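Under the working numbering, read the sequence shown as residues 9 to 165, first letter to last.
Every residue gets a Cβ at the ideal spot worked out from N, C-alpha and C, and that includes glycine.
For clarity, every value in this text was computed on a predicted model and none was experimentally measured.
To start, the structure under review is shown below, and the notes come after it.
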Amino acid sequence: MIEQGQNLPAATLSQLTDEGMVEHQVTELFADKTVALFALPGAFTPTCSAAHLPGYVVLADQLKAKGVDIIACVSVNDAFVMKAWGEAHNASELMMLGDGDASFTQSVGLEMDTASFGGVRSQRYAMIIKNGVVTQLNVEAPKTFEVSKAEALLAAL
9 MIEQGQNLPA ATLSQLTDEG MVEHQVTELF ADKTVALFAL PGAFTPTCSA AHLPGYVVLA
69 DQLKAKGVDI IACVSVNDAF VMKAWGEAHN ASELMMLGDG DASFTQSVGL EMDTASFGGV
129 RSQRYAMIIK NGVVTQLNVE APKTFEVSKA EALLAAL
């Protein structure tokens with residue numbers, strides 16, 4: 009698992025924009041920026057939709073006021089699902105990034121096998137990234153939702 013003080017590995021995340029599909033190289037996208045990144049098991053799932061994503065939508069302005077350039081939501085879903093989920097939650101201030109093949113999730117060592125739920129998915133976590141380096145990493149224990157909340161990340165800034 010990636011640790012605080014380490015650089016993010018090279019990986020690609022997808023975003024469906026109004027102009028079309030964009031494949032972001034993580035190292036380029038997050039270079040020279042402060043990023044609040046949170047990841048979760050799946051779009052349109054109960055805790056993710058009821059609490060995790062909405063918390064970041066509500067606190068987006070406060071996160072940006074603390075110096076965050078990008079608020080990124082990552083899930084092992086395709087970019088089409090991530091765009092629809094973001095639109096359903098008015099997440100216009102967030103980058104909704106798909107990790108369709110779980111390559112980013114696996115490269116940071118934060119995958120979990122959910123078997124029949126959806127196979128390989130992301131653990132629930134949040135991190136602060138400064139110029140590509142993880143400066144804060146909050147990984148949830150299984151079946152909990154405390155340390156990756158928007159409020160917890162805001163308090164860490």
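Check: Three-state secondary structure (DSSP) of Phe46; Outcome: strand
Check: For His60, the three-state DSSP class (helix, strand or coil); Outcome: helix
Check: Ala134 beta carbon less than 9 Å from that of Phe38; Outcome: no
Check: Residue from Leu162, Leu24, Leu21 and Leu145 with nearest C-alpha to Arg132; Outcome: Leu145
Check: 4 or more residues per run - each alpha helix (DSSP H) lying fully within the segment 91-146; Outcome: 111-115
Check: Collapsed DSSP secondary structure at Val65 in the structure displayed; Outcome: helix
Check: Cβ distance (whole Å) where Thr20 is taken to contact Ser111 below 8 Å; Outcome: 7 Å
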